[in-house]
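Peer 1: Provided herewith is a single structure, encoded as structure tokens, for subsequent inquiry.
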Amino acid sequence: MSGGLTIVYTGKGKGKTTAALGLALRATCYDKKICMIQFIKGSWHYGEMDSTKKMKKFNQVNMIL
């Protein structure tokens, strides 16, 4: 594949971060680069995000609104 892929998760329910991280984990197994951009209201911390520190090709951008 020569192009990239953009996936957008939206909605009020739970599971968006977990779904995105699951897909990112799969992509790292195929040696792909990942950029995860989150738009966040206020302060936050997800335990799942700690796992991304071990992913070499994972880039995270937090946009706090």
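First residue of the sequence shown: 900, per the working numbering; consecutive thereafter.
The C-beta atom is built at its ideal place from N, Cα and C for all residues, glycine as well.
(1) Between Q937 and N961, is the Cβ-Cβ spacing less than 7 Å?
(2) Indicate the three-state DSSP secondary structure (helix, strand or coil) for M954 in the structure shown.
(3) Judging by CA-CA distance, which residue of L904, G903, Y929, M935 is the nearest neighbour of L920?
(4) Quick one: Cα of Y929 to Cα of L922, how far?
(5) Bridge partners for C928 per DSSP, in chain order?
(6) With distances taken Cα to Cα, identify the nearest neighbour of K932 among D949, K955, V907.
Peer 2: Inspection of the coordinates gives the following:
(1) Start at 1 with the first residue of the sequence shown, and residue 937 comes out as number 38. Start at 1 with the first residue of the sequence shown, and residue 961 comes out as number 62. Against a cut-off of 7 Å, the Cβ pair of N961 and Q937 comes out as a contact.
(2) For the purposes of this step, residue 954 is identified with residue 55 of the sequence shown, where counting begins at 1. Correct three-state label for M954: coil.
(3) Numbered from its first residue, the sequence shown carries residue 920 at position 21. It is M935.
(4) The residue given as residue 929 occupies position 30 in the sequence shown. The residue given as residue 922 occupies position 23 in the sequence shown. For Y929 and L922, the distance between alpha carbons rounds to 11 Å.
(5) One-based indexing of the sequence shown puts residue 928 at position 29. Paired residues: none, contrary to the question.
(6) Taking the first residue of the sequence shown as position 1, residue 932 is located at position 33. Ranking the options by Cα distance to K932, first place goes to K955.
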